[in-house]
Each structure stands twice: as C-alpha cells, then as structure tokens.
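Novice:
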Amino acid sequence: MMTDQPPDRILRLNTVLDRTGLSRATLYRKIQDGTFPRQVRIAARCAGWRESAVNEWMRNPMFYQVDDVRSWP
C-alpha cells in the first residue's frame, strides 16, 4: 500500500543547528538529557537526524522527551 508521505530525510548537524537555533553544545546536552532526538548512524563516521524527529521536537520543544534515554559513554 502506497502512502502520500515523502520519505524521511536525514539532516546533517549544521542543518539541525540552523533549524533549531540551538548551539552545538546545547544540542548534544539535550541529546544526553533525552530532550532531543538522537542521531542515526548513516555510515562508519557519519550520522544525522531524521527530519521527522527534528520536526516533532520543534512542535513542542519544552515537553519533548525521548522514551529510552541511554547514557553516553
């Protein structure tokens, strides 16, 4: 069954920073706190964010919460 939704794009760091207005340090702190979506690995040394996840965060940034917060090593 086909849907009319476009495929989810992967956004790179600078695009995410531009869209959200967050600084790099604040972005990574929010990821660690579970209040911003985590990156997805797209290659060995390359990661990005799902556009849908960033858009969801932008709809309600004050109350966004990742369901399974994992601590970073």
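In this text, residue positions in the sequence shown follow the UniProt record's numbering: the first is 1, and each later residue adds one. Where is the CB? At the ideal position from N, CA and C, for every residue including glycine. Predicted, not measured: the structure shown is a model, and the values here were computed from it.
#1: What three-state label does DSSP hand ALA43 in the structure shown?
#2: DSSP state of LEU11, grouped into three classes?
#3: Just grab the DSSP bridge partners of ARG50 for me.
#4: ASN60 to ARG19, Cα distance in whole Å?
#5: So for THR35, helix, strand or coil by DSSP?
Specialist: Judging by the given coordinates:
#1: In the sequence shown, counting from the first residue as 1, residue 43 sits at position 43. Residue state, collapsed to three classes: strand.
#2: Sequence index remark: in the sequence shown, residue 11 carries index 11 (1-based). It is a strand residue.
#3: As a first step, residue 50 must be located in the sequence shown, where it is residue number 50. Beta-bridge pairing links ARG50 to ILE10.
#4: Residue 60 sits at position 60 when you count from the first residue of the sequence shown. Residue 19 sits at position 19 when you count from the first residue of the sequence shown. Those two C-alpha atoms are separated by around 14 Å.
#5: The count along the sequence shown starts at 1 and reaches residue 35 at position 35. Three-state DSSP puts THR35 in coil, outside helix and strand.
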